[in-house]
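Chemist: Dropping a structure here in structure tokens format, bear with me for questions.
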Amino acid sequence: MNDERIPPIPFWIKKQVHKPCWSLRYIIKSLFRDDLEVLIKKINKCKYVVLTDSGSTALTLGLKYLKNKRSSDKVMMPSYCCKSVANAIISAGLRPHFNDVNLKFQPQLGRTKVLATVVPHFHEMKSPIKQFRGVVIEDKAQRMQDPLRGKFGILSFNIGKQVQSTGGGALVTDDKRLADFVSEHLGVQGFWQTTTQLINYLLMVNLRPLTFFVYNILNKTGIVHREEDITKRYEAVNKKEVTFQPKKINFIQKKLTQSQLYNSNPIFTQKTRPILVKCRYLLMQELAKKGIESEWVNYPLHLQKKYQKYTSEDLTNTEKIWKQTIITRKE
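Count the sequence shown with the numbering used here and you get residues 37 to 367, in order.
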């Protein structure tokens, strides 16, 4: 049975899905060096790196640059994808057009004429860069160790990404005009924005076991209510207005990201894995009993009310695999 309920969470986590690769040695080293751009250039084999406050900022500004030079207002992207990508497309004054993925989570070619195609590397697995329509944009948030193959690439340093920090992102490219355009449109993050990002990160990642323990107690006592209905939960989340204020990466984001890239072996070794099962919720319940956190990701955008007005290709595989996929830590 394909169960669409929100994944159960362990009362106490023994194994969590997302864990940062911290090293005190490299954190201290990063405080005395400023070479994040150099590290990213070396990894991606690109000429230019622009550091931003998020991957969404990098994508939005990159699309605004393309928008000034092309006529189409559609950008192709998988429906099986993070809503931040769709929101970035909308923030750029363009329209997302959803395409399908195959059973290996690789985006498929579409038939519609578009300005650009966003090609994500889902679950740390490499997606081939085919003859996609329009300008090819690589979403490298979950796999950044390969050389750049598109017009530009987007990196994101946040929860659930390959490099986990308090946020931050980057645009990588060989196009100097594009890099200059993005750089010229970046402001500076305020103190409050930096502080809230740090607190959120500590709660969601470093203090996740304690957070879930407290949350479960509050849920059992009825003090908080955990919404299980997927449609209602996403409708509530999507009501929040998305505001676009492009900023530069801040000091904390930069140093924490930089420290992890000094020791890239644990970063670039696949840490999570997708599993396709028929009875997803039953398996997740059993894992939760053993203290093993699991999750499903990427509730298809075309099924969410906010994005149903946008066009799409045939999405047969997307509707099949998201109901059967869970993510666990590969250990």
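Ideal placement from N, C-alpha and C gives every residue a C-beta, glycine not left out. All values reported here derive from a predicted model rather than from experimental measurement.
(1) Considering L60, what are the terminal residues of the alpha helix (DSSP H) in which it resides?
(2) Exposed or buried, G129, counting other C-beta atoms within 10 Å across all chains shown (16 or more means buried)?
(3) According to the neighbour-count rule (16 or more other Cβ atoms, all chains shown, within 10 Å of its Cβ), is Q344 buried or exposed?
(4) Assuming A152 is part of the beta strand (DSSP E), what are its boundary residues?
(5) Just to confirm my understanding: we take H54, look at its own chain, exclude 5 residues before and 5 after, and list those with CB closer than 7 Å. What are they?
(6) Give the straight-line distance between the Cα atoms of Y335 and M113, rounded to the nearest whole angstrom.
(7) In or out: M37 buried (at least 16 other Cβ within 10 Å) or exposed?
(8) Evaluate the contact criterion for the stretch 214-232 versus the stretch 247-257: three or more CB pairs, one atom per stretch, below 8 Å.
(9) For W48, count neighbouring C-beta atoms within 10 Å of its own C-beta (all shown protein chains included) and say buried if the count is 16 or more, exposed if not.
(10) Given this structure, state the Cα-to-Cα distance separating S120 from S66, to the nearest angstrom.
(11) Can you name the start and end residues of the beta strand (DSSP E) that L339 belongs to?
(12) Take the Cβ of G258 as the centre, count every other Cβ of all protein chains shown within 10 Å, and call the residue buried at 16 or more, exposed below.
(13) Can you give, in chain order, each stretch of the alpha helix (DSSP H) that sits fully within the stretch 243-306 and has at least 4 residues?
(14) Leaving out the 5 sequence neighbours to the left and right, which residues in its chain are closer than 7 Å to T352 when beta-carbon positions are compared?
(15) Our contact map puts S127 next to V278 with C-beta atoms below 8 Å; I'd like the distance itself, whole angstroms only.
(16) Is it true that the CB of T209 sits closer than 8 Å to the CB of F188?
(17) List the residues that DSSP assigns as beta-bridge partners of A206.
Modeler: On the basis of the coordinates in this document:
(1) L60 to L67
(2) exposed
(3) exposed
(4) A152 to P156
(5) I195, G196, Q200 and V241
(6) 14 Å
(7) Since pLDDT at M37 reaches only 48, below the 50 mark, its modelled position is unreliable, and the value read off the structure follows with that caveat. Exposed is the call here.
(8) no
(9) exposed
(10) 29 Å
(11) L339 -> no beta strand (DSSP E), and no H or E assigned at all.
(12) exposed
(13) 244-257, 266-274, 287-297 and 300-304
(14) D136
(15) 6 Å
(16) yes
(17) L87 and L191
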